[in-house]
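This report concerns only the one structure given below.
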Amino acid sequence: MFNDKESMKRDIILAGVGGQGILSIATVIGDAALNEGLYLKQAEVHGMSQRGGDVQSNLRLSSDPIYSDLIPKGGADIIISLEPMEALRYLPYLKPEGWIVTSSKPFVNIPNYPELEDVLSHIQALEHHVLVDVETLAKEAGAPAQAANMVLLGAAIPMLGIDHDKIIAGVRRIFARKGEAIVNSNVAAIEAGYNRSAKGL
Amino acid sequence: MKKLLLGDEAIAQGAIDAGLSGVYAYPGTPSTEITEYIQHSQLSTLNSQLSPIFCQWATNEKTAMEAALGMSYMGKRALVCMKHVGMNVCADAFMNAAITGVNGGLVVLAADDPSMHSSQNEQDSRFYAKFAMIPCLEPSNQQEAYDMMHYAFDLSEALKTPILMRVTTRMAHSRAVVELIDTPREQNTASAPENVQHFILLPAFARKNYAELVEAQADFVQTSEESLYNTYTKGTNPKKAILTTGIAYNYLMELKDESQQLKVDEASVLKVTQYPLPKALIDQMVADGAEEILVMEEGQPVVEELIRGMVPSSVAVKGRLTGDLPRMGELSPDCVREALGLDKLPTREPDELVAPRPPALCQGCGHRDMYTALNEVAAEHADARIFGDIGCYTLGALAPFNAIHACVEMGASITMAKGAADAGQHPAIAVIGDSTFTHSGMTGLLDCVNCKSNVVVLISDNLTTGMTGGQDSAGTGRLEAICEGLGVEPEHLHVVIPLPKHMEEIKQILREEIAYNGTSVIIARRECIQTLKRHLKAKK
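Protein sequences, first through last, are from chains A and B. Letter by letter, the first sequence follows residues 59 to 259 of my numbering. Letter by letter, the second sequence follows residues 574 to 1113 of my numbering.
Below, the structure written as structure tokens:
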């Protein structure tokens, strides 16, 4: 369903809690997209909200020029979230046929965090969802916990409209400075997420 | 060359490529990344042939604006950057720089924050340009931000006036690919102004300068009318017209494809990114038969008010004042869609499970221990009043601390505590960060000392400008000397380390200084844990 390569457009909301590292996911997707010759706009949150609050980034990719920095309500193709409740926060932005790809592990830094079971069941009730235990998968792949966001990115590859190999190439470019070992563990993390997601679909 | 840049970074790169000699700024969201980008660019060009660019942080926006005017005085190009409320701080220098005019190009960059993502108000800096009677630029996207910086310096040097460039959060903090010019322009060589009377604002000279500024207004309008950055496109149904400013244009263009259903694409469109308003283009729009003009602008209804006086009363002007667009907050694709009369996209309801997740002080932050001690001592009094200030520690207003009773603008903690003490309040306690203290707190402390005001000033010193990401703080290492120099009595000046193990000591000092009838300063000093982490990492 996502193979319309000639004319491609993906509106992605990246979500999480300040400090979780949603922007490194954006960096890899952005690098791969630019290498594909796609247009890109990426609105970020800086400043006060970064201090442990909810954060999001609007990442827009298209084969045609993009005007708005923001995605309209009902316009997002994918919500990629490092935190399950944060994934639900942006539900009004998701297209009816859109996908939620989210970590299943809650980040509880507020006293009134809802019951996790309820959060997960609300996600599972959506037709198009991928719930991933990113930290466990990272560990199983032999990658450090910091690579959990790459597991999540891997799980989102089938919906991205950018080929798996191009994303891997992006990761290799982005992490090249940090040495072969770091590159390989991040690639392993992406593959783990990708396999989990591709199998489930 | 193409580069993926934040709007702020595009502005910075644009200034560098336009032959900038100095950037002057105090950190403030959403403007901070401009100066940071120039600072980083200097590190990477240390050994190159390029002339260095001055880029050290200023103590506040007023010192920044004045230093930039000094650089311009010497014939070099200067950029001043600040968040919108910084314009209030530098307003004296800014307004009078319009009277002096410039020698080297001078661009003032104000980053507005509609919707108050990280601010206490959503004032619109375009008012300042109108107030000072100088041209204003409002780029609609990152590429224009880059291109227009070069244009801004050219314009400033051609018209001999400072130029205000106004951007908003959404463009400042959004990335896009920007095409850069191949060869950066050389910096100007230093040359003092030929006519120094322009820079001596004695009333007799100032009147002459002001008359020139008034006379130049027609030129400014004509420059706007001829600017490539203001474009008018007559629609197939020119009865309907849309005027966009800055990034509002993007929301219109985004909807153009699907807007055929309501024939929005037939409307005439006037895209404004340069002020004063291009009168001839507005006249043309009216001459083409506009009966209704929808004004789409980010921020306050500046243009909507202005054009009411420029078009016949038979033309209906619509926008934020008429309720066609929201009166407050930044524009969104959604509210623009509604204003254009397009059908809503099918959307889901918000999930009722989702709880708000407000920002909070970091775990392990020294401000936390400071507030813990302060709250316990304050609770020993029936009505302690704690006046807060601008920074991470403003979050002490929220649970679990609920500690502060006021927070208005940079430096107001000390002077409001003073005023409250003057009114009989006791204890009157000010909580202010180290960077905010040097920005605007020192003069207030001098007032307290001179009046022997009964206030306790708690400087929560984390050795950095924390909220904006850890920039250098102007008084680091010298706060005691500054306080003593201002006249704080040494026996009422204390330094404590905000850690749980020092809690009793901190509380005891607080109690004693609250009991002292005069001005006391307690400096609670511990490095910001975010910058600490960074420093430890850099050492490895």
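We treat Cβ as the ideally placed atom computed from N, Cα and C, and that holds for glycine.
6 Å Cβ shell around I240 (chain A) - same chain, five flanking residues per side excluded
F233
Out of B:H954, B:G1039, B:G1048, B:V675, which one is the CA nearest neighbour of L1083 (chain B)?
B:H954
Would you say F627 (chain B) and G601 (chain B) are within 8 Å of each other, going by their C-beta atoms?
no
If contacts are defined as beta-carbon pairs under 8 Å, then L195 (chain A) and A145 (chain A) qualify, I think. What distance do you get, rounded to the angstrom?
Wrong, their Cβ atoms sit about 17 Å apart, outside the cutoff.
Taking just the CA atoms, how far does P687 (chain B) sit from L898 (chain B)?
14 Å
Pick helix, strand or coil for V740 (chain B), following the three-state DSSP scheme.
strand
In the structure shown, what three-state DSSP assignment does T817 (chain B) receive?
strand
Counting only Cβ pairs nearer than 7 Å, list the residues of chain A close to V927 (chain B).
M143, L146, R147
How big is the Cα-Cα spacing for H723 (chain B) and D191 (chain A)?
49 Å
Quick check: the Cα distance between I80 (chain A) and P932 (chain B), rounded to an integer number of angstroms?
16 Å
How would you list, in chain order, the residues of chain A whose beta-carbon sits under 8 Å from the beta-carbon of R910 (chain B)?
P130
Go ahead and label R1051 (chain B) buried or exposed: buried means 16 or more other beta carbons lie within 10 angstroms of its beta carbon, across all protein chains shown.
exposed
Does DSSP put L178 (chain A) in a helix, a strand or coil?
helix
Would you call the stretch 622–640 of chain B and the stretch 778–790 of chain B in contact, with 3 or more CB pairs under 8 Å?
no
Since K67 (chain A) meets chain B, which of its residues come closer than 8 Å, beta carbon to beta carbon?
Within chain B, no residue comes near K67 (chain A); the closest Cβ sits about 11 Å away, beyond 8 Å.
Once you ignore the five residues that flank I1096 (chain B) on each side, which residues in its own chain have a CB closer than 6 Å to its CB?
I1032, D1034, L1052, V1068
N207 (chain A), enclosing alpha helix (DSSP H) - first and last residue:
206–218
Helix, strand or coil at S197 (chain A) according to DSSP, with G and I counted as helix
Position check: residue 197 (chain A) holds Lys in this sequence, whereas Ser was assumed. Correct three-state label for K197 (chain A): helix.
Over the uninterrupted beta strand (DSSP E) stretch that includes L759 (chain B), give me the two end residues.
According to the sequence provided, residue 759 (chain B) is Glu. The question's Leu does not apply to it. Taken as a continuous stretch (DSSP letters only), E759 (chain B) belongs to no beta strand (DSSP E), as it is neither H nor E.
At least one CB of chain B closer than 8 Å to the CB of K236 (chain A): is that the case?
no
Comparing alpha-carbon positions, which option in A:R118, A:R147, A:P123 lies nearest D135 (chain A)?
A:R118
Start and end of the beta strand (DSSP E) containing D112 (chain A)?
112–120
Cβ-Cβ separation, S624 (chain B) to Q795 (chain B) (assumed contact under 8 Å), whole Å:
Their Cβ separation, rounded to whole angstroms, is 34 Å, which puts Q795 (chain B) and S624 (chain B) out of contact at 8 Å.
Reference C663 (chain B); option with closest CA among B:A598, B:N714, B:Q615:
B:A598
Buried or exposed: Q1044 (chain B), going by 16 or more other Cβ atoms within 10 Å of its Cβ?
buried
Those residues which DSSP pairs with T1038 (chain B) across a bridge:
B:Q1044
Any beta-carbon of chain A closer than 8 Å to the one on C1101 (chain B)?
no
Exposed or buried, what is K131 (chain A) when buried is set at 16 or more other beta-carbons lying within 10 Å of its beta-carbon?
buried
Opening and closing residue of the alpha helix (DSSP H) in which C654 (chain B) lies:
Careful: C654 (chain B) lies outside any alpha helix (DSSP H), inside the beta strand (DSSP E) at 651–656.
When the Cβ atoms of the stretch 113–129 of chain A are set against those of the stretch 88–100 of chain A, are three or more pairs found closer than 8 Å?
yes
Using the rule of at least 16 other Cβ atoms within 10 Å of the residue's Cβ for burial, across every protein chain shown, is M217 (chain A) buried or exposed?
buried
With DSSP as the reference, identify every bridge partner of E865 (chain B), one or two as the case may be.
B:K813, B:A889
Would you kindly report the start and end of the unbroken alpha helix (DSSP H) that includes F704 (chain B)?
699–705
Does the distance from the C-beta atom of N669 (chain B) to that of S645 (chain B) stay below 8 Å?
no
Give me the chain B residues within the contact set of S243 (chain A), using Cβ-Cβ distance strictly less than 7 Å, ordered along the chain.
Ordered by position in chain B, no residue passes the 7 Å Cβ test against S243 (chain A), which lies about 19 Å from the chain.
CB contact below 8 Å: V750 (chain B) versus chain A:
yes
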